[in-house]
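*Asks:* The following block contains the structure, expressed as structure tokens.
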Amino acid sequence: MNTADLEQKLSLTRLAGAGAERELDGCYCGDLLSWVMGRAGEANIWITVMGNVNSIAVAKLADIGCIILCEGSHLDEDAKKQADINGIPVFSSEIPAYPLALMIKDFYAGEL
């Protein structure tokens, strides 16, 4: 699965990283940046409510595949600029983290 597939299947709104497509492998949910940095896997989909520039820095350091801001969280302007510069796809969804993670699991299983 790649970011374009994820965007289409889950009806996500792309907020940053236009044209930056990546293969994705797994999913991590969390908002504590130090935990995400140490535990999220390379190319993971990261589900969070943290839409600030620090999140983009963590995504870059951990080589995260993309970020989904859940529950309608917003991406601030500095974060958008950094995501675009670093080619990090950032999406938005109104869905809470847990149901969104279940949808991603179903997508990986071929049920979506």
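Counting from 5, one number per residue, gives the positions in the sequence shown under this note's numbering. Backbone N, C-alpha and C define an ideal beta-carbon position, used for all residues, glycine too.
One question on the structure: do MET107 and ALA66 come within less than 8 Å of each other, judged by their Cβ atoms?
*Replies:* For the purposes of this step, residue 107 is taken as the residue at position 103 of the sequence shown. For the purposes of this step, residue 66 is taken as the residue at position 62 of the sequence shown. Cβ atoms of MET107 and ALA66: not closer than 8 Å.
*Asks:* With burial defined as no fewer than 16 other Cβ atoms inside 10 Å of the residue's Cβ, what is the status of PRO103: buried or exposed?
*Replies:* Counting from one through the sequence shown, the residue named residue 103 turns up at place 99. Counting Cβ neighbours within 10 Å, PRO103 comes out exposed, since fewer than 16 surround it.
*Asks:* What does a CB cutoff of less than 8 Å around PRO2 pick up in its chain, not counting 5 residues either side in sequence?
*Replies:* For residue 2 there is no data in the structure shown, the boundaries of the chain being 5 and 116.
*Asks:* Taking the straight line between their C-alpha atoms, what separation do you get for ALA63 and LEU10?
*Replies:* Mapped onto the sequence shown, residue 63 falls at position 59. Mapped onto the sequence shown, residue 10 falls at position 6. As the crow flies, the alpha-carbon of ALA63 is around 17 Å from that of LEU10.
*Asks:* State the Cα-Cα distance for the pair CYS33 and ILE71, rounded to the nearest angstrom.
*Replies:* Taking the sequence shown and counting its residues from 1, the one referred to as residue 33 is at position 29. Taking the sequence shown and counting its residues from 1, the one referred to as residue 71 is at position 67. Approximately 10 Å, taken between the alpha carbons.
*Asks:* At the level of alpha carbons, what is the spacing between ASP110 and ALA8?
*Replies:* Taking the sequence shown and counting its residues from 1, the one referred to as residue 110 is at position 106. Taking the sequence shown and counting its residues from 1, the one referred to as residue 8 is at position 4. Taking the straight line joining both Cα atoms gives about 17 Å.
*Asks:* In three-state terms, what does DSSP make of SER77?
*Replies:* Position 73 of the sequence shown holds residue 77. If DSSP states are grouped into helix, strand and coil, SER77 belongs with coil.
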